[in-house]
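Only one structure is covered here, and it is reproduced in the block below.
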Amino acid sequence: FAADRLVIPDKSVCKMDNFKSISVGAGEWIEIEQVRPLDLLNWLLEQKSMGYFIFGLEQTASSVPLQNMVFPDRPTILLLGKEKEGIPVELLQAVDQCVEIPQMGIIRSLNVHVSGAIAIWEHTK
């Protein structure tokens, strides 16, 4: 999908057996960068100053449906939130655009990894 790196809060998870089995070796083919949660806002702002477009996958009053999102022709960062909590409010200030995956029915929530995969696919199309 042309992702050049995965940014996670703790790189030590890469050594865990369940990470290895779930990633099926993909962790060996993509750069994995550690950014601690307390440093994430500064990291995002730094990336933004280098020309990155940051889109957050979050349901907000100004979210754009994912299928309507026009991604700019420049490097892009997909910011995902935590399960059940979403993207922390303080990080939303670094986001250029929030997008959401339209859903129907009573339960309007997807697991973060599922949402991330859908967003990456939509960006790649």
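Counting along the sequence shown from 1, when you hit position 93 you're at 89 in this note's numbering, and nothing is skipped either side.
Note that CB positions come from ideal geometry on N, CA and C, so glycine has one too.
Counting only the Cα atoms, Trp25 lies some 21 Å from Leu75. Relative to the Cα of Glu96, the nearest Cα in the group Asp35, Glu118, Leu37 and Ile28 belongs to Glu118. Rounded to whole angstroms, the gap between the alpha carbons of Asp6 and Ala113 is 20 Å. For Ser45, the closest alpha carbon among the candidates Val3, Pro71, Arg1 and Leu34 is that of Pro71. Linking Leu36 to Leu87 through their CA atoms gives a straight-line distance of about 8 Å.
Sequence-distant partners of Tyr48 (beyond 5 residues in either direction) whose C-beta falls short of 8 Å from its own C-beta, in its chain, are Arg70, Pro71, Thr72 and Ile73. With contacts defined as CB atoms closer than 7 Å, Val3 and Val31 qualify as a contacting pair.
As for any beta strand (DSSP E) of minimum length 3 sitting wholly inside the segment 47 to 79, the runs are 49 to 53 and 72 to 75, ordered along the chain. If you check the CB distance, Phe51 and Gln99 do not come in under 7 Å.
For Val85, DSSP records no beta bridge to any residue.
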